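Structure first, commentary second.
Numbering (my numbering), first residue to last: 991 to 1383.
Here you go:
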């Protein structure tokens, strides 16, 4: 990589606010920043630069490196690891299964899951909302959506959490080991669907098996990679988002009480929480040519991190960007689900999960909740807490 100054250190220990303070500094002083940390990369911190890199897929490709730190050691995993138009058949197969109506159809079962997971916490007066609730909750919701065998869900939770922690520790060998366990699950699920096909309008794996590109089935290797990607991609963001929302509400009991008294406010509040606590900062692109951004030249072939969490606090787009403001007039412009051809296909399922989770948490804690211990933060590529102890009042 070209020798340029190190503008920030992505490997410093972080607390709940420290990374956001650093990204605010970079937006002011060095909006296109460079670091030698985590393998070396450029970081885009302002809204318009992040939006451009996410949208211009011909210039900023995802097929070379799609996340910081680099974690794809065990094969290509569509659709994220492919550029348009190669990625399109995979998205075309999955998108109908993630429509608003289809996502909302899982709300009743999601509510049952939330209540079952929260009941032990309510009974004992609190607990760790991440470890005891939000690390399990999306696994079960996603397991329902994937129509996975019920007995697989504990394995998916354990294997997925192990992989996520390996990424946070930037431990390549552990990443490979844990990723291969998820590949084994993907191959087993594909084998089951080949032997016992399901309705492709209801089952994601069957939809991928039925998909055709130029009249041909999707390649076996890439089909396995897609199912492997799908198994994990919906598990992390809800976990840290729920943790971040709970930290904020514990620190702002007036807002907590307002949402508990009027649950109709929750959908709008969740959009502002998504903007304020966007759970991703490490999705990456690579420029196919030298590009000028923020007064600097990013050389062809070097990794670029899209700091969605910073872009969504850009004061030029979101005044008082570090503050929660109910009913922001331009809240629909936030980039929490990305932008362009690689925007998150599960955005409707994700919104539904967050809404139901918060409705049930507020109901399970009628007198409120507060922080009951230290918060432990995730590391790149996510941003948000992994441990949030709560006390129900």
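For each residue, glycine too, the CB sits at the ideal point set by N, CA and C. The structure presented is a predicted model; accordingly, all values stated were derived computationally and were not measured.
Would you kindly report the start and end of the unbroken alpha helix (DSSP H) that includes residue 1174?
What you label residue 1174 is simply residue 184 of the chain shown in a count that begins at 1. Residue 1174 -> alpha helix (DSSP H) spans 1162 to 1185.
Contact check, residue 1274 vs residue 1057, beta carbons under 9 Å:
Here residue 1274 refers to the residue found at position 284 when the chain shown is read from its first residue. Here residue 1057 refers to the residue found at position 67 when the chain shown is read from its first residue. Their beta carbons are under 9 Å apart, which means residue 1274 touches residue 1057 by this criterion.
Terminal residues of the continuous alpha helix (DSSP H) containing residue 1005?
Position 15 of the chain shown, counted from the first residue, corresponds to residue 1005. Segment: none, residue 1005 is in no alpha helix (DSSP H) and carries neither H nor E.
Report yes or no: do the region 1258 to 1272 and the region 1102 to 1112 share at least 3 C-beta pairs separated by less than 8 Å?
no
Grab me the residues of residue 1014's own chain with a C-beta within less than 6 Å of its C-beta, minus the 5 sequence neighbours each way, in chain order.
Along the chain shown, one-based indexing puts residue 1014 at 24. Nothing listed; no residue qualifies.
What residue from 1040, 1251, 1096 has the CA that sits closest to residue 1135's CA?
Translated into the one-based positions of the chain shown, residue 1135 becomes position 145. Closest by alpha carbon: 1096.
When DSSP labels each residue in this structure, what does residue 1104 get in the three-state scheme?
By 1-based counting over the chain shown, the position of residue 1104 is 114. Residue 1104: helix per DSSP, three-state reduction.
Assess contact between the region 1143 to 1156 and the region 1108 to 1118, defined as three or more Cβ pairs (one per stretch) separated by less than 8 Å. Is contact present?
no
How big is the Cα-Cα spacing for residue 1340 and residue 1224?
In the chain shown, the residue the question calls residue 1340 occupies position 350. In the chain shown, the residue the question calls residue 1224 occupies position 234. Looking at the two C-alpha atoms, the distance is approximately 8 Å.
Any idea what DSSP makes of residue 1383, helix, strand or coil?
Counting from one through the chain shown, the residue named residue 1383 turns up at place 393. Note: residue 1383 maps to coil in three-state DSSP.
Residue 1037 and residue 1210: beta carbons closer than 9 Å?
As a working note, residue 1037 is residue 47 in the chain shown. As a working note, residue 1210 is residue 220 in the chain shown. No, they are not a contact pair.
Under a three-way DSSP split, which group does residue 1373 fall into?
Working through the chain shown from its first residue, we reach residue 1373 at position 383. Three-state DSSP puts residue 1373 in coil, outside helix and strand.
Quick one: give me the first and last residue of the alpha helix (DSSP H) that residue 1038 is part of.
Numbered from 1 along the chain shown, position 48 holds the residue referred to as residue 1038. That run of the alpha helix (DSSP H) goes 1037 to 1045.
Do the CB positions of residue 1330 and residue 1076 come within less than 9 Å of each other?
Counting from one through the chain shown, the residue named residue 1330 turns up at place 340. Counting from one through the chain shown, the residue named residue 1076 turns up at place 86. No, Cβ-Cβ distance for residue 1330 and residue 1076 is not below 9 Å.
Span separating the alpha-carbon of residue 1094 from that of residue 1148:
Along the chain shown, read from residue 1 onward, the residue named residue 1094 stands at position 104. Along the chain shown, read from residue 1 onward, the residue named residue 1148 stands at position 158. Straight-line Cα distance between these residues: approximately 27 Å.
For residue 1202, which residues does DSSP report across the bridge?
For this step, residue 1202 is matched to residue 212 along the chain shown. For residue 1202, which the question treats as bridged, DSSP gives the partners 1207.
Please state if the CB of residue 1078 and the CB of residue 1086 are separated by a distance shorter than 9 Å.
In the chain shown, the residue the question calls residue 1086 occupies position 96. In the chain shown, the residue the question calls residue 1078 occupies position 88. The answer is no: Cβ separation not under 9 Å.
Hey, quick one: how far does the beta strand (DSSP E) through residue 1288 stretch, first residue to last?
Position 298 of the chain shown, counting from 1, holds the residue named residue 1288. Segment 1286 to 1288, the beta strand (DSSP E) holding residue 1288.
Beta-carbon gap between residue 1212 and residue 1080 smaller than 9 Å
As a first step, residue 1212 must be located in the chain shown, where it is residue number 222. As a first step, residue 1080 must be located in the chain shown, where it is residue number 90. Yes. Within cutoff.
Are the Cβ atoms of residue 1176 and residue 1215 separated by less than 9 Å?
As a first step, residue 1176 is located in the chain shown; it is residue number 186 there, counting from the start. As a first step, residue 1215 is located in the chain shown; it is residue number 225 there, counting from the start. Taking 9 Å as the Cβ cut-off, residue 1176 and residue 1215 qualify as a contacting pair.
Of the listed residues 1008, 1023, 1003, 999, nearest to residue 1285 (C-alpha basis):
Within the chain shown, the letter at position 295 stands for residue 1285. It is 1023 whose Cα lies nearest to the Cα of residue 1285.
Buried or exposed: residue 1322, going by 16 or more other Cβ atoms within 10 Å of its Cβ?
The count along the chain shown starts at 1 and reaches residue 1322 at position 332. Burial call: exposed.
Start and end residues, beta strand (DSSP E) containing residue 1025
Translated into positions along the chain shown, residue 1025 becomes position 35. Start and end: 1022 to 1025.
On a Cα-Cα basis, can you pick out the residue from 1373, 1372, 1355 that is closest to residue 1380?
For this step, residue 1380 is matched to residue 390 along the chain shown. The shortest Cα separation from residue 1380 among 1373, 1372, 1355 belongs to 1355.
So for residue 1232, helix, strand or coil by DSSP?
Locating residue 1232 in the chain shown gives position 242, where the first residue counts as 1. Note: residue 1232 maps to helix in three-state DSSP.
Helix, strand or coil for residue 1223? Go by DSSP, reduced to three states.
Working through the chain shown from its first residue, we reach residue 1223 at position 233. Three-state DSSP puts residue 1223 in a helix.
Report buried or exposed for residue 1060, applying the criterion of at least 16 other Cβ atoms within 10 angstroms of its Cβ.
Along the chain shown, one-based indexing puts residue 1060 at 70. Label assigned to residue 1060: buried.
Spatial distance of residue 1010 from residue 1121 (CA atoms):
Along the chain shown, read from residue 1 onward, the residue named residue 1010 stands at position 20. Along the chain shown, read from residue 1 onward, the residue named residue 1121 stands at position 131. Whole-angstrom Cα-Cα distance: 24 Å.
Starting from residue 1280, follow the beta strand (DSSP E) in both directions and report where the run begins and ends.
Within the chain shown, residue 1280 is the residue found at index 290, counting from 1. No beta strand (DSSP E) holds residue 1280; DSSP gives it neither H nor E.
Could you compute how far the alpha carbon of residue 1299 sits from the alpha carbon of residue 1372?
Within the chain shown, the letter at position 309 stands for residue 1299. Within the chain shown, the letter at position 382 stands for residue 1372. Roughly 9 Å between the two C-alpha positions.
Is the distance from the Cβ of residue 1277 to the Cβ of residue 1049 below 9 Å?
As a first step, residue 1277 must be located in the chain shown, where it is residue number 287. As a first step, residue 1049 must be located in the chain shown, where it is residue number 59. Their beta carbons are under 9 Å apart, which means residue 1277 touches residue 1049 by this criterion.
Report the option in 1357, 1312, 1347, 1295 whose CA atom is closest to the CA atom of residue 1042.
The residue labelled residue 1042 in the question sits at position 52 within the chain shown. Selected option, being the one with the closest Cα: 1295.
Buried or exposed: residue 1229, going by 16 or more other Cβ atoms within 10 Å of its Cβ?
The residue labelled residue 1229 in the question sits at position 239 within the chain shown. Buried is the call here.
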